[in-house]
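Going by the UniProt record's numbering, the sequence shown opens with residue 1, and the numbers climb by one from there.
Note that the Cβ used here is the ideal one computed from N, Cα and C, for glycine as well.
Have a look at the structure below, then the notes.
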Amino acid sequence: MDRNNNDYDSEALDFRSTSKVIDLNKRTLNCAGIWPERIHEPVFIFFSVYLAVHCTMGVLSITDNMSDMEYIIGCIEEHMFNFMTLLKICICRIKSNSLAEFLKDIKVDLIPGRYKTDEEKIAFLNYNNFSLKFVKITIVSCVIAATLYYLAGLAANIEMVVANSSYGYRLPYKSRSLIEPTNLIIYVCLCLYQFLLVLIIIFGYVGTDCLLISLVLHVSGLFSALSCKVKHVLNNPENRRSRIKKLILRHIRLIRLAESLESDFNILILQQLLGSTIHLCLLGYDGLVSMSAGQEAKLITFGVIAGCVLSTLLAYCYIGECLINESMSLAESFYQCEWYNISQEEIKLMHICMMRSAKQMQLTVGKFFALSLTTFTDVNRN
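The structure is reproduced here in C-alpha cells:
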C-alpha cells in the first residue's frame, strides 16, 4: 500500500470513518442472522434450512434429468453458490464466539491516540480506507449481478410462455419444485420463494467474504503501522526500554490476532478455493460446448460469472499476500533500525522482537499451504 504522506491532508487522517467498514459488515451479516457479536438464531436456522432444502431439490433435479448433460452442468454451476453459501454461514456461526472476541479486541485500534505519528496513522488508514471501498463496491456489484441473473432467468421463461402458452412455467433457478406450478398464482409464489436465494447469497456468501477481507486488511494495517513505529522507537533514549517493551506487547498481540484469523477462517478459505476451482472448470466446459453448438451469446454470461468467481478468488489471495508482506516488512524494520547503538539489555529486548518477526504471518488453505497471489496463479494455470 502507498505510504506517501504528501497525498494526505487533515481529512485523510480523520479516524471517524474507520468504524464504517465494521458497521457495514454488521448490517450485512445481521440480515443473515450471523453477525458474531449478536447471533439471531431464528434467522440463521431459517436460511440454513432453506439452503439445505434448495440444494437437496437441486440434487433431485439432476437425478430427474440425467440424460441432459447441459442441464446437469448448469444446475451444478447454480447450486455451487448455494452450497458454498450454506457452508460459509455455518462456519461463521460455529466460529461466532471467537470472532466476537476478535471484533471486541480490535475496537481499541480505532482510537487515533494509539498512533503517535502521522506516518503510523497513514499506514493504518491506507488499509482501512481500501477495505471500506472494497466492501462497498463488492456489495453493490453483487446485488446487481445476483438480481440480474435472477431476472434474466425469469424473463426467459416469460418470453417462452408468451410465445407458446403450452410451454409451461419454468422457475428462474434450476431445481425441482416443491409443488408443480400449474397456474400463475403458484408460479408467482414459487418465484418469490426462489428470490430468497438472491438475498441469502448477498447477505451470506458476500457478507462473510467482506468480513474476512476487512478483518485481514485491518490486521495488515496494524502490522504496517507497527513497522512505522519501529523506525522511531529507538530515537529518543528517554524511557526507551519501556517503549521497546510496549512494542513487544503490541507485536505479540498482532501475532495473536493473525493466528486467530487463520484458525477461524482456514476451512472457509479451503472451501472457497475448492469451490472456485470446480466452478471455473465447469464454466470452461460449458463455454466450449456452447461454442461448438454455435451459441456464442451464452459466452457473455459465462464470462461474467467466471469474472465474479475469479475476482473473489483474487481478493482472497490478495489479502493473504498483504498479511505475509506486512508481517515480513515488520521483520525488516527491526533489522534496519539502529539497534546496535543501544544498551545490551535493550538489545536483548530487540532480539526478542527479531526472533518473533522471523516467522511470517499467513492465512492457510485448510492448513495445507499458504494463501497468496501464487495460489491465484496456480489455480488459473491449472
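| query | To the nearest angstrom, how far is it from the Cα of Ser276 to the Cα of Met84? | reply | If you number the sequence shown from 1, residue 276 lands on position 276. If you number the sequence shown from 1, residue 84 lands on position 84. Whole-angstrom Cα-Cα distance: 10 Å.
| query | From this set, Ile255, Ile73, Asn82, Gly113, which residue's C-alpha is nearest Phe15's C-alpha? | reply | Taking the sequence shown and counting its residues from 1, one reaches residue 15 at position 15. Answer by Cα proximity: Gly113.
| said: Excluding the 5 residues flanking Tyr173 on each side, which residues of the same chain have their C-beta closer than 7 Å to its C-beta? | reply: Taking the sequence shown and counting its residues from 1, the one referred to as residue 173 is at position 173. Glu78, Gly153, Gln194, Leu197, listed in sequence order.
| field | Within the stretch 225 to 270, ranges of the alpha helix (DSSP H) (whole runs, at least 4 residues) | value | The stretch 225 to 270 contains no whole alpha helix (DSSP H) run of 4 or more residues.
| query | Are Ile139 and Ile89 closer than 9 Å when you measure CB to CB? | reply | Position 139 of the sequence shown holds residue 139. Position 89 of the sequence shown holds residue 89. No.
| message | Can you check which of these residues, Glu326, Leu99, Gly287, is closest to Ala358 by C-alpha distance? | response | As a first step, residue 358 is located in the sequence shown; it is residue number 358 there, counting from the start. Closest by alpha carbon: Glu326.
| task | Consult DSSP for Ala146 and reduce its assignment to one of helix, strand or coil. | result | Taking the sequence shown and counting its residues from 1, one reaches residue 146 at position 146. In the structure shown, Ala146 sits in a helix (DSSP, three-state: H, G or I).
| task | Report yes if the CB atom of Glu119 is closer than 9 Å to the CB atom of Lys231, and no otherwise. | result | As a first step, residue 119 is located in the sequence shown; it is residue number 119 there, counting from the start. As a first step, residue 231 is located in the sequence shown; it is residue number 231 there, counting from the start. Cβ atoms of Glu119 and Lys231: closer than 9 Å.
| query | Candidates Ile352, Tyr50, Ile45, Asp23: which alpha carbon is nearest Glu37's? | reply | Working through the sequence shown from its first residue, we reach residue 37 at position 37. For the set Ile352, Tyr50, Ile45, Asp23, the Cα lying nearest the Cα of Glu37 is the one of Asp23.
| task | Quick one: residues in its chain with C-beta nearer than 7 Å to the C-beta of Leu323, no 5 flanking neighbours on either side, listed in chain order? | result | Residue mapping note: residue 323 aligns to position 323 of the sequence shown, counting from 1. Result list for Leu323: Val216, Val219, Ser220, Ala258, Met361, Gln362, Leu363, in chain order.
| task | For Ala16, name the three-state secondary structure that DSSP assigns. | result | Translated into positions along the sequence shown, residue 16 becomes position 16. The sequence given here has Arg at residue 16, not Ala. Of the three classes helix, strand and coil, the one that applies to Arg16 here is helix, per DSSP.
| Taking just the CA atoms, how far does Glu41 sit from Cys242? | Residue numbering aside, residue 242 sits at position 242 when the sequence shown is read from its first letter. Residue numbering aside, residue 41 sits at position 41 when the sequence shown is read from its first letter. According to the sequence displayed, residue 242 carries Ser and not Cys. Those two C-alpha atoms are separated by around 46 Å.
| Under a three-way DSSP split, which group does Ala306 fall into? | For this step, residue 306 is matched to residue 306 along the sequence shown. Ala306 falls in the helix class under three-state DSSP.
| field | For Ala225 and Phe124, believed in contact at Cβ under 8 Å, the rounded distance | value | Mapped onto the sequence shown, residue 124 falls at position 124. Mapped onto the sequence shown, residue 225 falls at position 225. Right, the Cβ-Cβ distance comes to about 4 Å (below 8 Å), so this counts as a contact.
| Expressed to the nearest angstrom, what Euclidean distance is found between the alpha-carbon atoms of Leu192 and Ser311? | Mapped onto the sequence shown, residue 192 falls at position 192. Mapped onto the sequence shown, residue 311 falls at position 311. Their backbone Cα atoms lie some 29 Å apart in a straight line.
| field | Leu330 vs Arg176 beta-carbon contact at 9 Å | value | Within the sequence shown, residue 330 is the residue found at index 330, counting from 1. Within the sequence shown, residue 176 is the residue found at index 176, counting from 1. No, they are not a contact pair.
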